Every structure is written in structure tokens, then in C-alpha cells.
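Heads up: the sequence shown begins at 33 in my numbering, then just goes up one per residue. Cβ coordinates follow ideal geometry from the N, Cα and C atoms, glycine included. None of these values were measured; they are calculated from a predicted model. Take a look at the structure set out below.
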Amino acid sequence: MNFILCARLLDRLKFMHKRSRFNNKRFILVAALFLGLLLNLPSLSSAYNRADRRSFQRSIVDVRPRLNPRFKKVKRKKTQYIIVHTSELGLNTTLRVVLKGKRLRSGRTTPGGHAHYVIARNGRTYRILDKEFEADHAGLSMWNGETDISRISIGIELVGYHYAPISESQYRSLGKLIDILQGVYGLDDRAVLTHSQVAYGKRNPWFRKNHRGRKRCAKNFIRAKAELGPTWPYDPDVRSGRILPDPQLAEVYYGGREYYAKAEDANVISKLNTAWSIAGEDYDSRTTVYEFPGGQIYTGDQISDSVGWNRIPAKTVVLLNQENSVFLKKSDGPIKTISDSLTAWSFAGQAYNQKTTIYFLPSGRVKFGSMISDWDDLPAETRLIVGYSGPYTLNKDRSAYRIAGSKYKDRKTVYYLPSKELMAGDRIEDFDRLPAGTQIFLPYT
Ligand SMILES: [Zn+2]
33 MNFILCARLL
43 DRLKFMHKRS
53 RFNNKRFILV
63 AALFLGLLLN
73 LPSLSSAYNR
83 ADRRSFQRSI
93 VDVRPRLNPR
103 FKKVKRKKTQ
113 YIIVHTSELG
123 LNTTLRVVLK
133 GKRLRSGRTT
143 PGGHAHYVIA
153 RNGRTYRILD
163 KEFEADHAGL
173 SMWNGETDIS
183 RISIGIELVG
193 YHYAPISESQ
203 YRSLGKLIDI
213 LQGVYGLDDR
223 AVLTHSQVAY
233 GKRNPWFRKN
243 HRGRKRCAKN
253 FIRAKAELGP
263 TWPYDPDVRS
273 GRILPDPQLA
283 EVYYGGREYY
293 AKAEDANVIS
303 KLNTAWSIAG
313 EDYDSRTTVY
323 EFPGGQIYTG
333 DQISDSVGWN
343 RIPAKTVVLL
353 NQENSVFLKK
363 SDGPIKTISD
373 SLTAWSFAGQ
383 AYNQKTTIYF
393 LPSGRVKFGS
403 MISDWDDLPA
413 ETRLIVGYSG
423 PYTLNKDRSA
433 YRIAGSKYKD
443 RKTVYYLPSK
453 ELMAGDRIED
463 FDRLPAGTQI
473 FLPYT
């Protein structure tokens, strides 16, 4: 927009120049003045008009009354930054955590107030806490020499994972929200940072002193999609020697290229992607789950004794924030169940919207991934199977054996009974008693 304006003004000036007795020097001087003025007016470059901002503001869902009454509201003295997070959870659990609180490693629970805003996958935005108060969202943090960033910033939580794409609807809402907040607090684009940029950790086995990398939050955030210019060209606290860099994050933010999270392998262990680079400080937490390629499941607090940190096999999948859900993850063989902390993305990853991922909703409806608009649209208790073809319907002329061949008794062959029961082949006792209309799903090869 600025450019079009500039170009027009320049044309104007050229025109004036031709017709008047301006000499060249004077022309250049005047043009430079105009340009300088324009480029220095950030308000002119706002991507949103007033109507946009207003209708967005009206659409915000106010959930402040649900904030934990134990949360103590403290007015923020200054506002220097806007911090973007990814929640690593689905919407319902995200809202519960930021409103009501979370359990810390010590067993203590926090009183909530962990964000000012939450933006759901469909772009719907929730107000958690008045923006004038301090939210407890950034934890141990530092930027440009200032610590405790929660006290000088606004926190926005995006529902999603740091290793999966942020939705286009989220970018649209986030862009407008940031634009409004920038106007209120007079902040430029460089004041918008991610949690992984500002969080830091104390020394640990990987780092001999304080360092970045404690959090991976929102490292997949593509600024341009929220109409933001580039971030800082360097990390000011690393440059000044206050803390050590985290190599992976340094590459993401200051490596001089636009970063896109690799959807396939970003929460999968490989040589380059270690437990540390996926989970940050939560690598050894009880709520971090490691699912080995052989199917064994460990929590972060078990790895050191049972496996050893340098013996986690490649292709192990790492899931964060898995409070009490390890057993759900373990059970059921190929049939998975969506719960508070295990979403369709936790099980299917980027295959969540493929035809070969099949969902069995609590209502009894069956949906193929290709019918799903987002992985967070499925209610808890939805069951799913990943990598399947079907259904092949059983009837009196078409037995399980005719459909599945010798694999009919296999634990990977899945039966959906008219009674809405979902069973693996190895759990069925009498195949002759399977009712007509039973649907069979076979592993897709
Ligand atoms: Zn965060």
C-alpha cells in the first residue's frame, strides 16, 4: 500500500517537475522528503481498515467470567511486547488450562490467567483476561536484557502445535488482533515475538549456562501471514552474551530464511530432532509421552532409567501435555480414542484429513478424513483408525473371510457393528454371529 502511494506521489512530482522551473537538485530533495515522510509513518501501512477491526472486536467471545477466582489481577505498568504461543492442545483443554490453571511438576496447581486471548483453529477468538492486567504466560523469560516478560507483554495462545501448521483462519484473526493491540500500545512489528524467542532456561546437561530453547512455542509462526514484517535480525541476549543460543531456534529465527515447520517429522525423533529440540524443558516431564516405533510407550520421567537419553530410537513420536492420557494412548490397538489431550492430530498427524483416516463419532456417524475441515473439530470420545480402506459391508453372501481373506482374525482388521461397537479382529469370538450390515475396514496397503 505504501508503495502504491509512493509511486503515485512520485508520478505527481515528476509531472510537476516537467511543468515547473524546479531544477533537478530541488526535485530530488523534495522527492526524498516525501518518501522519507511516508516510510516513517507506520500507521499508513496497516493492512486492516476500521470496519475490519470493529467487526473482529465484536466477534471476540468473552470468557472472563470463567477465570479462576484465585487468580490475582495486577495492572501492567508498561506494555512493550506481544507474545505468540501455540498451546500444544485442542481448544477445550487450552481454554481450561488458561482459565483454570495447570499442574506444575511440583504438584502445585496454578491459579490460571495464562493468556489474554486464545484463538481457536476456526479463528474464533476468546478473551480470557482484560488486556490491562498481567497474564502469567511467559515464565522464565528475557528479551533485550529485560526479564520476566509476562509483566510487560500481552499473551496470545493459538490452539495448535509448534510442529503442525497454524490455520489460515487463525492467521486472519491474529493479524487483526495484533493490529488492534499495536494501535492501543503504540507497538511496531518487532514488538511481536514468539514464546520460544523469549523463553530461556537455566543451565542443564546440554548447556553450561543460561540458554534459549526452554520452549518451542510458536516456532512455526509465519509472520507474513499475520501481515507482520520481519522479526529482529539477531537475538539481543545471545549477542550480548547474557545467554547461549539454542542452535535449532537460532536457525529458525535468525538463519536468514523464512522458516516453515516440517509437518511430517517435527515431533518425531531423528538425529537432528532430539528430545530436547522437540520438547524443550519438558523433555523429562511426566506429561511428555514417547511412543517408540515398536509401540512401547514411556513418559519423560521414565526415559533416563528405563532407556537412556541417547538410546531413544529414531521415529519415536513425542507428545506434550499428556496429563493422565498415557493409558488411553496405550489401549485399543489400532482403534484410538480422542480425549481431552489427545487430538486427531496426536494420532494421525498430517493424515488427519485423508480419506484413509476414518472417524467414528459418538453420535454413531462415520466420517472420512476428507470430510473433516480441521483436526480440532472432533468431539472427545470420537474413535479413529489411521491408514484404512473400507467400509466393506458384511452380508449373508459376503463373509468376513471373503472380505478380509486370512487376515479376518487379525488385530489390525477392524469391525464396526450395527450396534456402533468397534472391534479389532482378534477380539471377536464367533464370526458366524456377526450381524449383517457389519462394516469391515482393512489396513490400507
Ligand atoms: Zn508458550
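By the three-class DSSP mapping on this structure, what secondary structure does residue i have?
i, result
"G437", "helix"
"K109", "coil"
"Q89", "helix"
"K452", "coil"
"N385", "helix"
"I310", "helix"
"R443", "coil"
"G365", "coil"
"Y315", "helix"
"D408", "helix"
"D464", "helix"
"F54", "At F54, the pLDDT of 47 sits below 50, so the modelled position is not reliable and the matter cannot be decided from this model."
"R153", "coil"
"D429", "coil"
"R135", "strand"
"L372", "Note that residue 372 is Asp in the sequence shown, not Leu. Correct three-state label for D372: coil."
Can you round the beta-carbon distance between residue i and residue j to whole angstroms, since I take them to be within the 8 Å contact cut?
i, j, result
"G422", "K441", "Contact flag wrong, Cβ pair sits at about 17 Å."
"V300", "T226", "Contact doesn't hold; Cβ gap of about 22 Å is too wide."
"K163", "R85", "Not a contact, Cβ separation roughly 15 Å."
"R135", "I92", "Rounded, the Cβ-Cβ distance is 28 Å, inconsistent with contact."
"Y113", "I184", "6 Å"
"T320", "L352", "6 Å"
Where does the unbroken alpha helix (DSSP H) through residue i begin, and where does it stop?
i, result
"G145", "Looking at the DSSP string, G145 is not in any alpha helix (DSSP H), and its letter there is neither H nor E."
"K303", "No alpha helix (DSSP H) holds K303; DSSP gives it neither H nor E."
"K132", "L123 to K132"
"F103", "Premise fails: F103 is in no alpha helix (DSSP H) and is neither H nor E."
"S378", "A376 to A380"
Could you please give the first and the last residue of the uninterrupted beta strand (DSSP E) stretch that includes residue i?
i, result
"F392", "T389 to F392"
"V398", "V398 to F400"
"L416", "R415 to V418"
"V321", "V321 to E323"
"I472", "Q471 to P475"
- request: Decide yes or no for the touch test of the stretch 295-312 against the stretch 245-258: beta carbon pairs closer than 8 Å, at least 3 of them.
  value: Enough Cβ pairs lie closer than 8 Å, so yes.
Those runs of the beta strand (DSSP E) which lie wholly inside the stretch 155-229 and span at least 3 residues: Here the runs fully enclosed are 157-159, 185-190 and 224-226.
- prompt: Are there three or more Cβ pairs, one per stretch, closer than 8 Å when the stretch 229-240 is compared with the stretch 99-107?
  reply: These segments do not touch.
- prompt: If you scan the stretch 229-288 from start to end, which runs of the alpha helix (DSSP H) of 4 or more residues do you find wholly inside it?
  reply: Counting only runs of 4 or more, we get 268-271 and 279-286.
field: Sufficient close CB pairs (3 or more, under 8 Å) joining the stretch 371-390 to the stretch 107-126
entry: With a cut-off of 8 Å, the stretch 107-126 and the stretch 371-390 count as touching, because enough Cβ pairs lie within range.
field: Secondary structure, alpha helix (DSSP H): runs of 4+ residues fully inside the stretch 325-357
entry: Here the runs fully enclosed are 332-338.
- request: Would you check if there are 3 or more beta carbon pairs closer than 8 Å linking the stretch 139-150 to the stretch 189-199?
  value: Yes, the stretch 139-150 is in contact with the stretch 189-199.
task: Give a yes or no on contact between the stretch 211-224 and the stretch 173-182, applying the rule of three or more CB pairs nearer than 8 Å.
output: Below 8 Å, too few C-beta pairs join the stretch 211-224 and the stretch 173-182 to call them touching: fewer than three.
task: Check whether the stretch 276-284 touches the stretch 320-335, taking contact to mean three or more Cβ pairs, one atom from each stretch, closer than 8 Å.
output: Contact between the stretch 276-284 and the stretch 320-335 is absent, because fewer than three Cβ pairs lie under 8 Å.
message: Across the stretch 379-388 and the stretch 399-406, are there enough close Cβ pairs to call them in contact, namely three or more that are closer than 8 Å?
response: The stretch 379-388 vs the stretch 399-406: in contact.
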